[in-house]
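Q: Let me give you the structure first, and then I'll get to my questions.
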Amino acid sequence: MPTSTQPKAKTKKKKTTRKVKKNLVIVESPSKAKTIEKYLGSRYKVMASLGHIRDLPKSKMGIDVENDYEPHYISIRGKGDVIKELRKEAKKAKHVYLAADPDREGEAIAWHLSYLLGLDPQDKNRVVFNEITKEAVKNAFKNPRSIDMDLVDAQQARRILDRLVGYSISPLLWSKVKKGLSAGRVQSIALNLIISRENEIKAFEPEEYWNIDAKFKKGRSKFDAAFYGLAGKKTALPNNDAVQEVLKQIDKQAPFTAKKVVKKERKRFPALPFTTSTMQQTANNALKFRTQKTMMVAQQLYEGINIGRGGAVGLITYMRTDSTRISTIAKHEAASFISETYGAEYAATKPRAGKLAENAQDAHEAIRPSSVNRTPASLEKYLSKDQMKLYSLVWSRFVASQMTPAIVDTVRADLVQNGATFRANGSKMKFPGYTKVYTDSKRKDNLLPEIAEGDEVTLAATDPSQHFTLPPARYTEATLIKTLEENGVGRPSTYAPTLNTIQKRYYVKLSARKFLPTELGEIVNSMITQCFPDILDVTFTANLEDELDAIEEGKQQWVQVIDQFYRPFAKEVESAEQKLEKVKIKDEPAGFNCEVCGAPMLIKLGRYGKFYACSRFPDCRNTKAIVKKIGVTCPQCQKGEIVERKSKKNRLFYGCDRYPDCDFISWDQPVGRNCPKCDHFLVYKKSKKGAQVKCPNGDYEEALQK
Numbered sequence: 001m002p003t004s005t006q007p008k009a010k011t012k013k014k015k016t017t018r019k020v021k022k023n024l025v026i027v028e029s030p031s032k033a034k035t036i037e038k039y040l041g042s043r044y045k046v047m048a049s050l051g052h053i054r055d056l057p058k059s060k061m062g063i064d065v066e067n068d069y070e071p072h073y074i075s076i077r078g079k080g081d082v083i084k085e086l087r088k089e090a091k092k093a094k095h096v097y098l099a100a101d102p103d104r105e106g107e108a109i110a111w112h113l114s115y116l117l118g119l120d121p122q123d124k125n126r127v128v129f130n131e132i133t134k135e136a137v138k139n140a141f142k143n144p145r146s147i148d149m150d151l152v153d154a155q156q157a158r159r160i161l162d163r164l165v166g167y168s169i170s171p172l173l174w175s176k177v178k179k180g181l182s183a184g185r186v187q188s189i190a191l192n193l194i195i196s197r198e199n200e201i202k203a204f205e206p207e208e209y210w211n212i213d214a215k216f217k218k219g220r221s222k223f224d225a226a227f228y229g230l231a232g233k234k235t236a237l238p239n240n241d242a243v244q245e246v247l248k249q250i251d252k253q254a255p256f257t258a259k260k261v262v263k264k265e266r267k268r269f270p271a272l273p274f275t276t277s278t279m280q281q282t283a284n285n286a287l288k289f290r291t292q293k294t295m296m297v298a299q300q301l302y303e304g305i306n307i308g309r310g311g312a313v314g315l316i317t318y319m320r321t322d323s324t325r326i327s328t329i330a331k332h333e334a335a336s337f338i339s340e341t342y343g344a345e346y347a348a349t350k351p352r353a354g355k356l357a358e359n360a361q362d363a364h365e366a367i368r369p370s371s372v373n374r375t376p377a378s379l380e381k382y383l384s385k386d387q388m389k390l391y392s393l394v395w396s397r398f399v400a401s402q403m404t405p406a407i408v409d410t411v412r413a414d415l416v417q418n419g420a421t422f423r424a425n426g427s428k429m430k431f432p433g434y435t436k437v438y439t440d441s442k443r444k445d446n447l448l449p450e451i452a453e454g455d456e457v458t459l460a461a462t463d464p465s466q467h468f469t470l471p472p473a474r475y476t477e478a479t480l481i482k483t484l485e486e487n488g489v490g491r492p493s494t495y496a497p498t499l500n501t502i503q504k505r506y507y508v509k510l511s512a513r514k515f516l517p518t519e520l521g522e523i524v525n526s527m528i529t530q531c532f533p534d535i536l537d538v539t540f541t542a543n544l545e546d547e548l549d550a551i552e553e554g555k556q557q558w559v560q561v562i563d564q565f566y567r568p569f570a571k572e573v574e575s576a577e578q579k580l581e582k583v584k585i586k587d588e589p590a591g592f593n594c595e596v597c598g599a600p601m602l603i604k605l606g607r608y609g610k611f612y613a614c615s616r617f618p619d620c621r622n623t624k625a626i627v628k629k630i631g632v633t634c635p636q637c638q639k640g641e642i643v644e645r646k647s648k649k650n651r652l653f654y655g656c657d658r659y660p661d662c663d664f665i666s667w668d669q670p671v672g673r674n675c676p677k678c679d680h681f682l683v684y685k686k687s688k689k690g691a692q693v694k695c696p697n698g699d700y701e702e703a704l705q706k
């Protein structure tokens, strides 16, 4: 009898969940990491190194001069936890990508990371993108490359050169002047330019000159003209006697005849899109932004801003560039936007292309919006006040650069009588072109009545005015950057830190947004001028910058470039140690006694400027800041006087000199009387109407009495 076989019970297989390894991406900043991680998706983990993680030690030179200038790098103090976490994640990762910024410094950061994480620099693990948008980031990860050692060497050479200069001259300044001073290649030239300009201003002798402005009438129309010359030639008016001779020559009752009328159509071309330096200059002039602030806000716009449903997105391209080049895609997008928004006649068929500067690296495009369709108006609710200002500037400058020129009709008329010529200039906008979007001057039409050669006009009034030639203007941050760039000194990434350093060391100070050298700055400059002429030689430093560019292009060896500089420089340092005498900065009597011990107080020069200190130091350590009194009693305590003070960000404010006993502060200068409506103290306030006296607590205001 056959046995029946029962079917075997099916056993359920256990599902094994294998953890998929992720790719690790390392960038510099957390905001950049957040933006990129959103684009790359769940297969990627993006972490931030928080800038450099390895550098030369602060406590010593860190360069083996006898062994081909071998640098001794160490992990930066405070970065231990970051390095530990990066190593841990790198071990678990399927692949590690290094996505630091696309410049020399970014390449050096990637190289240092590869060393600390045990990666091979020859592996294709370096990813670069000029803009942080989804398309740009994804395309970059399709084409990773190995670390560019020429870029690394160029950055390393700059770092070593600056260390050799700084750590050779600084100890000299400490021993001969005072501790805490420093010197550097680019900062020394910036300081020297400021001091040279100040010397020019002191030596300047003004010269007198005069103008004669006049009002003319043709029919019912009045218009302006100015004295041009005698006998058809341009004539200067050096003094009042020359003016009176011209006025005697004119018959005020007789008409003037239009002898020469020139009508022209002029084209005004748009400015090129921003480079780093032109952005810094324009932001300083137009927005009153300090250079450091401009770069900080630009970094935020580049790394990514959350714009609602779209999430975080980089709004501008990379902000360290010396090129005005624009990609073909960006040009096409701009042309479509301009045609749709303003009309086809406003879109340039062949936008103006700038000539590349002789020393420009041209590694990246100009600074532009990552998408021209993200107008400033559409982003207003997502951006801070400063972000909005800078983004609007970048966006409008770029859009304007892709537009047609403005066309202006001009007319020039020479009005002659008895051999004296007055010249009238008029202009009228015929076609606005790029000025629909961006204008760098407050231009107004200056209309003249219709004038033809032979027409007669009547002199209505003359207004002679005396003037004197002015000395050259002191440098602002904008003009100093422009001068450094024109001389080939420094590069886009160096301007902001250079200007910050010379202020932080108290070699210069800003007054009314213009640089003034300090006594300390003049002492340091004098010593460097005397002993290190090459450091202050603009041509020498510009050539050195060219050598660094040659290293980047693989045309020079970094050790050779440094050796050519350092050998003669080391002899200059040795000579300076013998030649320079110790500078004694004399203390000045303050004119009052110490309230702690009764000894006379002195005015001393410290690292951050002058201050009051007791003459019995170190037995008595009483010190006081030197402040400027404005002659107003404190409205809060009625005992102290209001003084000018500076915030940590160097912003002027007003406080009571009895602080901390009285904590009164005001950003606006108190007037010294109270509001007639609410009894709150009144302040001086600047507005579009001009300076006014206003009540911060209400709507009371009054015109400023001169």
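Residues in the sequence shown are numbered from 1 upward in steps of one, following full-length UniProt numbering.
Ideal Cβ placement from N, Cα and C applies to all residues, glycine included.
Note that the structure is a prediction, hence the values are computed from the model and not measured.
With H, G and I counted as helix, E and B as strand and the rest as coil, what does DSSP make of residue 568?
A: Taking the first residue of the sequence shown as 1, we reach residue 568 at position 568. Helix.
Q: Alpha carbon to alpha carbon, what distance is there between residue 122 and residue 138?
A: By one-based count along the sequence shown, residue 138 stands at place 138. By one-based count along the sequence shown, residue 122 stands at place 122. Taking the straight line from one Cα to the other gives about 22 Å.
Q: If you draw a straight line from the alpha carbon of residue 786 to that of residue 23, how long is it in whole angstroms?
A: Within the shown structure, residues of the chain are numbered from 1 to 706, placing residue 786 beyond reach of any answer.
Q: Nearest to residue 324 by alpha carbon, out of 308, 298, 313, 274?
A: Position 324 of the sequence shown holds residue 324. Cα-wise, what sits closest to residue 324 is 274.
Q: On the criterion of 16 or more Cβ atoms from any shown chain inside 10 Å, does residue 493 qualify as buried, or is it exposed?
A: Along the sequence shown, one-based indexing puts residue 493 at 493. Buried, by the Cβ-count rule.
Q: According to DSSP, is residue 207 part of a helix, a strand, or is it coil?
A: In the sequence shown, counting from the first residue as 1, residue 207 sits at position 207. Coil.
Q: Quick one: what's residue 656 bridged to in DSSP?
A: The residue given as residue 656 occupies position 656 in the sequence shown. The partner list for residue 656 (beta bridge, DSSP) reads 642.
Q: Hey, how far is the Cα of residue 53 from the Cα of residue 575?
A: Locating residue 53 in the sequence shown gives position 53, counting from the first residue. Locating residue 575 in the sequence shown gives position 575, counting from the first residue. Answer to the nearest angstrom: the Cα atoms are 37 Å apart.
Q: Quick one: what does DSSP say residue 429 is sitting in, helix, strand or coil?
A: Locating residue 429 in the sequence shown gives position 429, where the first residue counts as 1. Strand, per DSSP.
Q: Per DSSP, which one or two residues make a beta bridge with residue 609?
A: Numbered from 1 along the sequence shown, position 609 holds the residue referred to as residue 609. Partner(s): 606.
Q: Can you tell me whether residue 39 is buried or exposed, with buried defined as 16 or more other CB within 10 angstroms of its CB?
A: Here residue 39 refers to the residue found at position 39 of the sequence shown. Buried, by the Cβ-count rule.
Q: I'd like to know whether the C-beta atoms of residue 83 and residue 75 end up nearer to each other than 8 Å.
A: For the purposes of this step, residue 83 is taken as the residue at position 83 of the sequence shown. For the purposes of this step, residue 75 is taken as the residue at position 75 of the sequence shown. For residue 83 and residue 75, yes; Cβs fall inside 8 Å.
Q: Count the other C-beta atoms from every protein chain shown that fall within 10 angstroms of the C-beta of residue 210, then say buried if there are 16 or more, exposed otherwise.
A: On the sequence shown, residue 210 is found 210 positions in, with the first residue counted as 1. Residue 210 comes out buried.
Q: The beta strand (DSSP E) with residue 450 in it runs from where to where?
A: The residue given as residue 450 occupies position 450 in the sequence shown. First-last for residue 450: undefined, no H or E at that position.
Q: Whole angstroms are fine: how far does the CA of residue 215 sit from the CA of residue 460?
A: As a working mapping, residue 460 is identified with position 460 in the sequence shown. As a working mapping, residue 215 is identified with position 215 in the sequence shown. Between residue 460 and residue 215, the C-alpha separation is close to 5 Å.
Q: Figure out for me which residue from 621, 282, 686 has the closest Cα to the Cα of residue 479.
A: Counting from 1 along the sequence shown, the entry for residue 479 is found at position 479. For the residues 621, 282, 686, the minimum Cα distance to residue 479 belongs to 282.
Q: Can you check whether the CB of residue 308 is closer than 8 Å to the CB of residue 132?
A: To locate residue 132, count along the sequence shown from 1; it is residue 132. To locate residue 308, count along the sequence shown from 1; it is residue 308. Contact flag unset, no.
Q: I'd like to check one pair, residue 487 with residue 538: are the Cβ atoms closer than 8 Å?
A: Along the sequence shown, one-based indexing puts residue 538 at 538. Along the sequence shown, one-based indexing puts residue 487 at 487. Yes, the pair counts as a contact, with Cβ atoms nearer than the cut-off.
Q: Would a check of beta-carbon distances place residue 390 closer than 8 Å to chain C?
A: The structure shown contains no chain C, having only a single protein chain.
Q: Nearest by alpha-carbon distance to residue 206: which of 651, 37, 338, 466 is it?
A: Along the sequence shown, read from residue 1 onward, the residue named residue 206 stands at position 206. Minimum Cα distance to residue 206 is reached at 466.
Q: Report back the beta-carbon spacing between residue 421 and residue 228 to the nearest angstrom; my notes put them in contact at under 8 Å.
A: Here residue 421 refers to the residue found at position 421 when the sequence shown is read from its first residue. Here residue 228 refers to the residue found at position 228 when the sequence shown is read from its first residue. Indeed they touch by this definition, with Cβ atoms about 4 Å apart.
Q: So what does DSSP say about residue 34, is it helix, strand or coil?
A: Start at 1 with the first residue of the sequence shown, and residue 34 comes out as number 34. Three-state DSSP puts residue 34 in a helix.
Q: Please state whether DSSP places residue 527 in a helix, a strand or coil.
A: Within the sequence shown, numbered from 1, the residue matching residue 527 stands at position 527. Looking at residue 527 - three-state DSSP - the assignment turns out to be helix.
Q: According to the neighbour-count rule (16 or more other Cβ atoms, all chains shown, within 10 Å of its Cβ), is residue 111 buried or exposed?
A: What you label residue 111 is simply residue 111 of the sequence shown in a count that begins at 1. Under this definition residue 111 is a buried residue.
Q: Note down the Cα distance separating residue 286 from residue 498, rounded to an integer number of angstroms.
A: Counting from one through the sequence shown, the residue named residue 286 turns up at place 286. Counting from one through the sequence shown, the residue named residue 498 turns up at place 498. Straight-line Cα distance between these residues: approximately 22 Å.
Q: At the level of alpha carbons, what is the spacing between residue 56 and residue 71?
A: Residue 56 sits at position 56 when you count from the first residue of the sequence shown. Residue 71 sits at position 71 when you count from the first residue of the sequence shown. Cα-Cα distance, rounded: 7 Å.
Q: Less than 8 Å separating the beta-carbons of residue 127 and residue 136?
A: Sequence index remark: in the sequence shown, residue 127 carries index 127 (1-based). Sequence index remark: in the sequence shown, residue 136 carries index 136 (1-based). For residue 127 and residue 136, no; Cβs fall outside 8 Å.
Q: Looking at the structure shown, is residue 70 part of a helix, part of a strand, or coil, going by DSSP?
A: As a working note, residue 70 is residue 70 in the sequence shown. Of the three classes helix, strand and coil, the one that applies to residue 70 here is strand, per DSSP.
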